[in-house]
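Colleague:
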Amino acid sequence: MTITADYETAEDRPVRPVDPDTTRVTEHGHAKPAWLFLTPFLVLYLLFIIGPSIYMVVMSFFDTSLTRPGLGALAGFGNYGEALTSPDFWASMWHTIWFTILTVPPLVILAFVFALLADRATRGRWFFRLAFFLPYILPSAVMALIWIWLYTPELGLLGKVVTSLGFDEPNWLGDPNLAMWSLAFATVWWTLGFNFVLYLAGLQDIPRDLYEAASMDGASPWQQVRRITIPMLSRTTSLVIVLQIIASLKIFDQPYIMTSGGPNFATRPALEYVYDMGFTNFRTGYAAAVSTLFFILVLAVSAVWVFLTRRQEQGL
Amino acid sequence: MIGPVSRRTLLKGAFAGLGAASLAACSSPVGAGIAGSQLDPGTVDYWNLFGGGDGVRMQSMEDAYRKANPGTPLQAVTLAWGNPYYTKLTLATVGRKPPNVAVSHLTRMKTLQSADLLEELKPEDLARHGMSAEMFNQRAWNAGLVGGKIYAIPIDTHPFVLFYNTKICGQAGLLDAAGALKPIQGPDAFTDALAKVQKVTGQYGATHGINADTATPWRFFQTLYSQLGGQVLSDEGTKVVLDDAKATQVLTFLRSLTVEKKLMPSSIDYQGAIALFANGAAGFHLNGEWEISTFQTAKMPFSMTLVPNVFGGTYAVQADSHTLIVPRGGATAEGQLDLSLGFIKSMLDQSMTWAQGGHIPAWQPVAQSDAFKKLTPQSNYAAAADAAVYDPSGWYSGSGSNFEIVMGSAIGAVEAGQLSPDAAIAQIRSKLSALASTASPV
Amino acid sequence: MTTLATDTEARRGTRTEVTQASVDRRLKLFNGVCVGVLIAFALMWLVPILWAVDTALKPNAETTKTTWWIDNPTLDSFRTIFAQGDIWNWYASSFITSLATAAGTVLVASMAAFALSRMRFKYRWVVFWFILIGIMIPHQALIVPQFREFSALHLLNTYWAVILPQIPAAIAVFIFKQFFDGLPRDLDEAARVDGAGFFRTYWRIILPLSRPVVSAVAIFTFVWSWNNLLWPLLVLSNPKLMTIPVGLATVQGSYGIRYADTMASAILGALPLVVIFLLFQRRIVEGIAGTGLKG
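Listed in order, the protein sequences are those of chains A, B and C. The numbering used here puts the first sequence at residues 3 to 318. The numbering used here puts the second sequence at residues 580 to 1021. The numbering used here puts the third sequence at residues 1452 to 1746.
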């Protein structure tokens, strides 16, 4: 029996049934067993992902209420009109984007710098991995409780540090101008570890001789980083940036737990706006319209990611 | 390979053990989680939003219930005040696993009822537990009726009050022979009193929360505005009937106190306002009566009284009432309603304990008792219960609601000197009409 | 001429040695500084968690003193949390929903990936692209319609409401498919010749060979499901049914100013995941690195 390692010919080779067992290959392909294998996933997918996506769009055209059954009165494009002219809607979109702007650069740059530094360590990498990655494992609620305590006026550790340096204690979570920065700071602490691990793995893949050759040519460490490390990590970096942006767009947990979207809605992101409109104000139809707009935004950004990764897979 | 494997096995074993232990420790919720069955029948599940001093007091009342009813487990849960509490209560009721009894502000209970989230309480059931309409403060009771039907049992009225430092006010010459604050009538008298106190303290006459606090500015505004006879919303919140002239009058007066005459700090948060009064940097403090425990703990010389009738006319003061409600689906099990009503009666019977937290009991057997009448400083402002002005009806209105946030942030901005009265009124009108023109989802 | 050449070479030789030694020393110093700086940052990074543990070991009254030193170390806050009881329900809820989600996802996604990778059928590419769009769909945008759906199904406040929408994870299908594509076809051929049907090939041959990706998907799904807040927050509204994140986020009111108790509950909430991290560190890190390398 010849074993063909060539995939194309193996697939193209006509197959004949060896016995009438229907789970075997037939000339018409493997339709029946294939669908059996696909059904569990597809059923759940249709029922709980695709179905709701369609329902969401339908609901957005009605004034559906959380507590009343049925779709409610027809609103046409009213909900969309209201959302697109609502200062609260645009404010929440801005808060989401502002949060993204505040967190993505540090999460990318700091993680890269730390990975560079860790790469220089010959032993004890486990310690750095533990220190930076352990926060990432924590549920958001745990992280939030810890940082609420750190930010507590008068009693929190951070306030103590600031006042011991001679400054006034800032109102970390209660000052509308400062609250988002405080949330961003805590978030960087929380999620930097993931990017750190990604970068560290990427760094370890760069052949050492490249560096040796460069240093023989008299290149300083900084030049080596600029000319070798950064370009060779460009794939990782673009992945990190896109993943970070998508994750930041979906922010909910930290503002919800730490500031309730306040003070006075100064930190309320898009998803919390959906939550407030749909579940606090009972207006699920309107919330569905906002969700659809949010869906489109994130879909667009994710499409960029998929495009980037498919392009890289095709070998750049 | 053997060393690391056995370490992992040990850890995995511990892990599995923890999982099994937690599963064993609570078969009932797991059953409910898998099959949607009843949670803990025969107990009373009670949700409230009382933190701080009120929370401690409520806990002691709950403990008294437990002592008196050893056969009925009571499970009390405290959730964060305001919108988060009401959202969770709504979700639990829509999710068919509501608590058996829950606290609700009277101003919010109307919306919950319109959303069909409350069980109706029948007079005969209430009678069985010794409760009937005339045993409650009539103003609070009637405000809670919907179409003549009972959906809420009021336990108190908590008005906006005036705290005053007896020592400082004495030095300012504002106390009468008995050591109580002499009545203040009219805006000039009020301003004058604050100025006299400011001379004594050297800093401020009065304080109240402004920064990141939308409730307090609203309450102060509503008190003065209602004294002028003004209203903000009508027709269940679908119409904005703000009287510009009266609103301007109030806002200008407030602004004069903070920005122009600097008798009150214009940039201070809730806790800061309390601290200034407690430390004697101000002689007056405007807040809800519930802060009484804070100042008692601070061991400072203070008393409380009605907010003065600054603008004359019929006396009015902003207030809300706490009520106990039964969410829809919270009394389906056999005998559950009686357990819940028994708990409610127990809370009413302990109104004296609750009153010590500053609240005016709605339960007349206690409110009319000698013990309460002798309780100071509560008896100083007990009349507020009959002059209480509740927030206007509307699906977006009520304590801690979007309505209060819209009003409070504009009023606070005027007091902070960030908005002129005209600009504030324009902002209020535009935001409220957006809310008013939205179809009610309940 | 040769003398000149050798002379220069000899001189260059010595100079290179000397330069090389000092370069080495400078490099070592530089590395040392780098590592030193990183150690400082790493220690700072550990502070919040260490501070939380420090607070939890203090009696509640002592938490107002912002110092590391504990006058009367005690485990009382942990006892209080355990005695209060809710945390056991939350553990149970989290374990059940996360384990079921992880098992369900691995099973369902690997089966779908097997079909896409190993089988020929007419609509194969249609299904492939249909599932691909699932990767781009932000699940958080679907909370409103999903809530209505589960409300209509009377499944709110059950574990199913959490488990069912989490299982069809398109990304898991792709991870499996990518891995299966890398397994040689002759395995299937050999199995077929031996008389195995598709299911047996999948179960007995492909899955066992896929242990690294199975465990990676299982662990990541478990952790992700455990940490999920927004959706369980909506569907688990009774404190007895809440998962750890929802419970911690919701019931903060009861602890009020008892900071040691609050920190104890936070630590207890994180404990199972920390255990998982310690157990499966290498797998987790490899999994992430794999994501990065695959781009």
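Glycine included, every Cβ here is placed at the ideal spot set by N, Cα and C.
1) Is there contact here, the stretch 63 to 80 of chain A with the stretch 1009 to 1021 of chain B, by at least three beta-carbon pairs under 8 Å?
2) So what does DSSP say about threonine 25 (chain A), is it helix, strand or coil?
3) Taking C-beta pairs closer than 8 Å, name the residues in chain B that valine 1702 (chain C) reaches, listed in chain order.
4) Indicate whether at least one CB of chain B lies closer than 8 Å to the CB of threonine 294 (chain A).
5) Are the C-beta atoms of arginine 1734 (chain C) and some chain A residue less than 8 Å apart?
6) Does the separation of the CB atoms of valine 144 (chain A) and alanine 1721 (chain C) fall below 8 Å?
7) In terms of residue numbering, what span does the alpha helix (DSSP H) encompassing threonine 1609 (chain C) cover?
8) Taking the C-alpha atoms as reference points, what is the distance between tyrosine 644 (chain B) and leucine 927 (chain B)?
9) To the nearest angstrom, how far is the alpha carbon of methionine 218 (chain A) from that of alanine 1472 (chain C)?
10) Is aspartate 1016 (chain B) helix, strand or coil when you go by DSSP?
11) If we cut at 8 Å on Cβ distances, does phenylalanine 1724 (chain C) have a partner in chain B?
12) From alanine 1002 (chain B) to asparagine 1540 (chain C), what distance separates their C-alpha atoms?
13) Counting only Cβ pairs nearer than 8 Å, list the residues of chain B close to leucine 152 (chain A).
14) Taking C-beta to C-beta, are glycine 987 (chain B) and proline 796 (chain B) nearer than 8 Å?
15) In chain order, which alpha helix (DSSP H) runs of at least 4 residues are fully inside the stretch 1568 to 1644 of chain C?
16) Apart from the five residues just before and just after methionine 714 (chain B), which ones in its own chain have a Cβ nearer than 6 Å to its Cβ?
17) Contact between the stretch 1708 to 1715 of chain C and the stretch 1527 to 1535 of chain C: three or more CB pairs below 8 Å?
18) Output yes or no for whether 8 Å exceeds the beta carbon distance between leucine 920 (chain B) and asparagine 1689 (chain C).
19) Using only the alpha-carbon positions, how far apart do alanine 655 (chain B) and glycine 53 (chain A) sit?
20) Report the neighbours of methionine 58 (chain A) on chain C: residues whose CB is nearer than 8 Å to its CB, in chain order.
21) Does the distance from the C-beta atom of glycine 862 (chain B) to that of threonine 780 (chain B) stay below 8 Å?
22) In this structure, how does DSSP classify isoleucine 5 (chain A) when only helix, strand and coil are distinguished?
23) Whole-angstrom Cβ separation of lysine 924 (chain B) and histidine 708 (chain B), contact assumed at under 8 Å?
24) Any chance the stretch 276 to 289 of chain A sits against the stretch 129 to 143 of chain A, with 3 or more Cβ pairs inside 8 Å?
25) Take every Cβ of the stretch 1548 to 1555 of chain C, pair it with every Cβ of the stretch 1611 to 1618 of chain C, and state whether three or more of those distances are shorter than 8 Å.
26) Output, in sequence order along the chain, the residues in the stretch 1669 to 1697 of chain C whose CB is closer than 9 Å to any CB in chain B.
27) So, with DSSP's three-state summary, where would you put isoleucine 732 (chain B)?
28) Would valine 673 (chain B) pass as an interface residue toward chain C - the criterion being a Cβ-Cβ separation below 8 Å?
29) Determine, for leucine 670 (chain B), whether the minimum Cβ-Cβ distance to residues of chain C falls below 8 Å.
30) Could you have a look at isoleucine 103 (chain A) and say whether DSSP puts it in helix, strand or coil?
31) Of the residues B:Ser846, B:Ala910, B:Gln875, which one's Cα is nearest the Cα of arginine 675 (chain B)?
32) With C-beta atoms as the reference, is tyrosine 743 (chain B) less than 8 Å away from serine 872 (chain B)?
33) Can you tell me whether phenylalanine 79 (chain A) is buried or exposed? The criterion is at least 16 other CB atoms within 10 Å of its CB, across all chains shown.
34) Just the chain C side, please: which residues come within less than 7 Å of proline 172 (chain A) by C-beta, in chain order?
35) Note down, in chain order, every chain C residue with its Cβ under 7 Å from the Cβ of leucine 618 (chain B).
36) At least one CB of chain B closer than 8 Å to the CB of proline 265 (chain A): is that the case?
Modeller: If we stick to the structure as given:
1) Touching, per the Cβ criterion.
2) Position 23 of the first sequence holds residue 25 (chain A). In this prediction, threonine 25 (chain A) scores a pLDDT of 47, lower than 50, which makes its location untrustworthy; no coordinate-derived value is stated.
3) Locating residue 1702 (chain C) in the third sequence gives position 251, counting from the first residue. What valine 1702 (chain C) touches in chain B: Val656, Thr657, Leu658.
4) For this step, residue 294 (chain A) is matched to residue 292 along the first sequence. For threonine 294 (chain A), no Cβ of chain B is located within less than 8 Å of the residue's own Cβ.
5) Taking the third sequence and counting its residues from 1, one reaches residue 1734 (chain C) at position 283. Closer than 8 Å: no.
6) Here the question's residue 144 (chain A) lines up with position 142 in the first sequence. Here the question's residue 1721 (chain C) lines up with position 270 in the third sequence. Yes.
7) Numbered from its first residue, the third sequence carries residue 1609 (chain C) at position 158. Taken as a continuous stretch (DSSP letters only), threonine 1609 (chain C) belongs to no alpha helix (DSSP H), as it is neither H nor E.
8) On the second sequence, residue 644 (chain B) is found 65 positions in, with the first residue counted as 1. On the second sequence, residue 927 (chain B) is found 348 positions in, with the first residue counted as 1. Straight across, the Cα-Cα distance linking tyrosine 644 (chain B) with leucine 927 (chain B) is about 11 Å.
9) Counted from its first residue, the first sequence places residue 218 (chain A) at position 216. Counted from its first residue, the third sequence places residue 1472 (chain C) at position 21. Their backbone Cα atoms lie some 13 Å apart in a straight line.
10) Residue mapping note: residue 1016 (chain B) aligns to position 437 of the second sequence, counting from 1. In the sequence as presented, aspartate is not what sits at residue 1016 (chain B); that position holds serine. Serine 1016 (chain B): helix per DSSP, three-state reduction.
11) Mapped onto the third sequence, residue 1724 (chain C) falls at position 273. The displayed chain sequence assigns leucine, not phenylalanine, to residue 1724 (chain C). It does not: the Cβ of leucine 1724 (chain C) has no partner Cβ on chain B nearer than 8 Å.
12) Counting from 1 along the second sequence, the entry for residue 1002 (chain B) is found at position 423. Counting from 1 along the third sequence, the entry for residue 1540 (chain C) is found at position 89. Alanine 1002 (chain B) and asparagine 1540 (chain C) have their alpha carbons spaced roughly 52 Å apart.
13) On the first sequence, position 150 is the one that residue 152 (chain A) refers to. In chain order: nothing, as chain B lies at least about 18 Å away.
14) Position 408 of the second sequence, counted from the start, is the residue given in the question as residue 987 (chain B). Position 217 of the second sequence, counted from the start, is the residue given in the question as residue 796 (chain B). Pairing glycine 987 (chain B) with proline 796 (chain B) gives a Cβ-Cβ distance under 8 Å.
15) Counting only runs of 4 or more, we get 1575 to 1587, 1594 to 1603, 1610 to 1617, 1621 to 1632, 1637 to 1644.
16) The residue you call residue 714 (chain B) lines up with position 135 of the second sequence. Within the same chain, methionine 714 (chain B) has close Cβ partners Gln943.
17) Judged by Cβ distances under 8 Å, the stretch 1708 to 1715 of chain C makes contact with the stretch 1527 to 1535 of chain C, as three or more pairs qualify.
18) Locating residue 920 (chain B) in the second sequence gives position 341, where the first residue counts as 1. Locating residue 1689 (chain C) in the third sequence gives position 238, where the first residue counts as 1. Taking 8 Å as the Cβ cut-off, leucine 920 (chain B) and asparagine 1689 (chain C) do not qualify as a contacting pair.
19) Counting from one through the second sequence, the residue named residue 655 (chain B) turns up at place 76. Counting from one through the first sequence, the residue named residue 53 (chain A) turns up at place 51. Rounded to whole angstroms, the separation of the alpha carbons of glycine 53 (chain A) and alanine 655 (chain B) is 38 Å.
20) Walking along the first sequence from the start, residue 58 (chain A) turns up at place 56. Per Cβ cutoff of 8 Å: Ala1592, Leu1593, Val1595, Pro1596.
21) Locating residue 862 (chain B) in the second sequence gives position 283, where the first residue counts as 1. Locating residue 780 (chain B) in the second sequence gives position 201, where the first residue counts as 1. Taking 8 Å as the Cβ cut-off, glycine 862 (chain B) and threonine 780 (chain B) qualify as a contacting pair.
22) Here residue 5 (chain A) refers to the residue found at position 3 of the first sequence. Summary for isoleucine 5 (chain A): the model assigns pLDDT 42, below 50, so the residue's position carries little reliability; its value from the coordinates is reported in the next sentence. If DSSP states are grouped into helix, strand and coil, isoleucine 5 (chain A) belongs with coil.
23) In the second sequence, the residue the question calls residue 924 (chain B) occupies position 345. In the second sequence, the residue the question calls residue 708 (chain B) occupies position 129. With a Cβ gap of about 5 Å, lysine 924 (chain B) and histidine 708 (chain B) count as contacting.
24) No, they do not touch.
25) The stretch 1548 to 1555 of chain C and the stretch 1611 to 1618 of chain C touch, with no fewer than 3 CB-CB distances between them shorter than 8 Å.
26) Within the stretch 1669 to 1697 of chain C, those residues whose Cβ lies closer than 9 Å to any Cβ of chain B are, in chain order, Leu1684, Leu1685, Val1686, Leu1687, Ser1688, Asn1689, Pro1690, Lys1691, Leu1692.
27) Taking the first residue of the second sequence as position 1, residue 732 (chain B) is located at position 153. If DSSP states are grouped into helix, strand and coil, isoleucine 732 (chain B) belongs with the strands.
28) Numbered from its first residue, the second sequence carries residue 673 (chain B) at position 94. Judged by the 8 Å Cβ criterion, valine 673 (chain B) is in contact with chain C.
29) Taking the first residue of the second sequence as 1, we reach residue 670 (chain B) at position 91. Chain C, which has a Cβ nearer than 8 Å to the Cβ of leucine 670 (chain B), makes this yes.
30) By one-based count along the first sequence, residue 103 (chain A) stands at place 101. In the structure shown, isoleucine 103 (chain A) sits in a helix (DSSP, three-state: H, G or I).
31) For the purposes of this step, residue 675 (chain B) is identified with residue 96 of the second sequence, where counting begins at 1. Restricting attention to B:Ser846, B:Ala910, B:Gln875, the CA atom closest to the CA of arginine 675 (chain B) is found in B:Ala910.
32) As a working note, residue 743 (chain B) is residue 164 in the second sequence. As a working note, residue 872 (chain B) is residue 293 in the second sequence. The answer is no: Cβ separation not under 8 Å.
33) The residue you call residue 79 (chain A) lines up with position 77 of the first sequence. Exposed, because fewer than 16 other Cβ atoms sit within 10 Å of the Cβ of phenylalanine 79 (chain A).
34) Reading the first sequence from its first residue, position 170 is the one you call residue 172 (chain A). Chain C residues near proline 172 (chain A): none, gap ~16 Å exceeds 7 Å.
35) As a first step, residue 618 (chain B) must be located in the second sequence, where it is residue number 39. For leucine 618 (chain B), the neighbours in chain C by C-beta distance under 7 Å run, in chain order, Asn1689, Lys1691.
36) Taking the first sequence and counting its residues from 1, one reaches residue 265 (chain A) at position 263. Among the CB atoms of chain B, one or more fall inside 8 Å of the CB of proline 265 (chain A).
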